[in-house]
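Visitor: Quick note on numbering that gives the first Met the number 0: the sequence shown kicks off at 0 and runs consecutively.
Below you'll find the structure I mean.
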Amino acid sequence: MRQGIRRRDFLKTLVAAGIIGSLGGVAKLLPYRRVVRPPGALVEEKFLSQCTRCGQCIQTCVTGTLVPCSLGEGLLIWGTPRVDPLRAPCEAVAGRCEISRPCVENCPTNALVYVEPEKVKMGSVKWIKENCIAYRGGECLVCYEVCPIDGAITPRRGIPVFHSGKCIGCGRCVYACPPEPKALYLVPDGERRIETTR
Ligand code: SF4
Ligand code: SF4
Ligand code: SF4
């Protein structure tokens with residue numbers, strides 16, 4: 000099933016790359032959404048000029064968190080990779096991709112580069128307290144249990160408190176948050192992007 004989804008994603012990125020290439024500068028004039036990029040992404044302008052939308056990072060991501068941006072998210076970013084924590088979290092820190100990252104290694108243009116785990120920051124989480132089981136008086140704190148970063152979430156009287164400065168934007172808490180709709184979502188706020196390919 001996941002293989003099928005990935006093949007569809009790949010075909011979409013090829014179509015997107017072709018259309019954006021033929022439209023040239025028009026895409027830059029249209030609004031687009033800020034999205035959470037894979038770890039080690041160049042600063043957005045450079046990333047967009049170097050990412051060919053080949054889909055290699057999406058195809059090889061070990062968790063399946065990467066998806067191509069949709070046309071609805073903006074013509075300019077259509078087909079480029081973003082982290083989708085509803086599918087899976089990113090394991091660049093305290094996970095399978097600490098030392099080697101398939102998304103980076105398979106990027107043929109160096110739009111993604113390896114950065115040390117302590118320098119990874121893809122974004123941060125936002126809390127919608129009305130949806131939170133703990134805030135509504137129940138027992139939960141699943142987010143706190145799965146967070147790999149000390150101090151990113153601290154429980155206070157059974158309710159999670161989120162610290163965006165410490166959060167690396169891995170999405171583990173979003174993925175694990177049990178209620179529907181979820182009490183957490185991922186944003187690129189505070190992201191650390193890379194200036195140059197080393
Ligand atoms: S670091 Fe690993 S989990 Fe994160 S986007 Fe890259 S391949 Fe996927
Ligand atoms: S996992 Fe979700 S519902 Fe549970 S305490 Fe954390 S934010 Fe609230
Ligand atoms: S708060 Fe959530 S997104 Fe931030 S580091 Fe912890 S698990 Fe990852």
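Even glycine gets a Cβ: it sits at the ideal position worked out from N, Cα and C.
Could you give the DSSP three-state label for Pro187: helix, strand or coil?
Guide: Pro187: coil per DSSP, three-state reduction.
Visitor: Please indicate yes or no: does the CB of Ile158 lie closer than 7 Å to some heavy atom of ligand 3?
Guide: False, no ligand heavy atom lies under 7 Å from that Cβ.
Visitor: Output the distance between the C-alpha atoms of Gly137 and Glu115, rounded to the nearest integer angstrom.
Guide: Between Gly137 and Glu115, the C-alpha separation is close to 38 Å.
Visitor: How long is the line joining the alpha carbons of Asn109 and Thr196, rounded to whole angstroms?
Guide: Each residue's Cα considered, the two are about 6 Å apart.
Visitor: I'd like to confirm something about Cys89: is its beta-carbon nearer than 7 Å to some heavy atom of ligand 1, or not?
Guide: Within the cutoff, so yes.
Visitor: Just checking my contact of Ala151 with His162 at CB under 8 Å: how many whole Å lie between their CB atoms?
Guide: Contact flag correct, Cβ pair sits at about 6 Å.
Visitor: Check for me: the alpha helix (DSSP H) holding Pro116 runs from which residue to which?
Guide: From DSSP, Pro116 is part of no alpha helix (DSSP H); its letter is neither H nor E.
Visitor: Got a sec, what are the start and stop residues for the alpha helix (DSSP H) Thr59 sits in?
Guide: Element bounds for Thr59: 55 to 59.
Visitor: Could you check if Ser123 is buried or exposed, using at least 16 other CB atoms within 10 Å of its CB as the buried criterion?
Guide: The residue in question, Ser123, is buried, as its Cβ has 16 or more Cβ neighbours within 10 Å.
Visitor: Going by the DSSP bridge assignment, what does Pro80 pair with across the sheet?
Guide: Pro80 is bridged to Pro67.
Visitor: Is Cys285 near ligand 3, going by C-beta to nearest heavy atom under 7 Å?
Guide: Any property of residue 285 remains undetermined from this structure, which presents the chain solely from 0 to 197.
Visitor: For Lys181, name the three-state secondary structure that DSSP assigns.
Guide: Lys181: coil per DSSP, three-state reduction.
Visitor: Considering only C-alpha positions, which residue in the set Asp149, Ile148, Ile132 is nearest to Val141?
Guide: The option with the nearest alpha carbon to Val141 is Ile132.
Visitor: Could you tell me whether any non-hydrogen atom of ligand 3 is closer than 7 Å to the CB of Ser123?
Guide: Yes, the Cβ of Ser123 comes within 7 Å of a heavy atom of ligand 3.
Visitor: Which of the three DSSP states, helix, strand or coil, is assigned to Val35?
Guide: Coil.
Visitor: Locate the alpha helix (DSSP H) running through Val145, then write down its first and last residues.
Guide: Where Val145 is concerned, the enclosing alpha helix (DSSP H) stretches over 141 to 145.
Visitor: Say yes only if the C-beta of Ile193 is nearer than 7 Å to one or more non-hydrogen atoms of ligand 3, and no if none qualify.
Guide: Not so, every heavy atom of ligand 3 lies at least 7 Å from the Cβ.
Visitor: Within a Cβ cutoff of 7 Å, which residues of the same chain sit near Cys102, ignoring the five residues on either side of it in sequence?
Guide: Here the set comprises Pro37, Cys56, Thr59, Cys60, Leu65, Leu111.
Visitor: Could you compute how far the alpha carbon of Glu179 sits from the alpha carbon of Cys50?
Guide: So the alpha carbons of these two residues sit roughly 34 Å apart.
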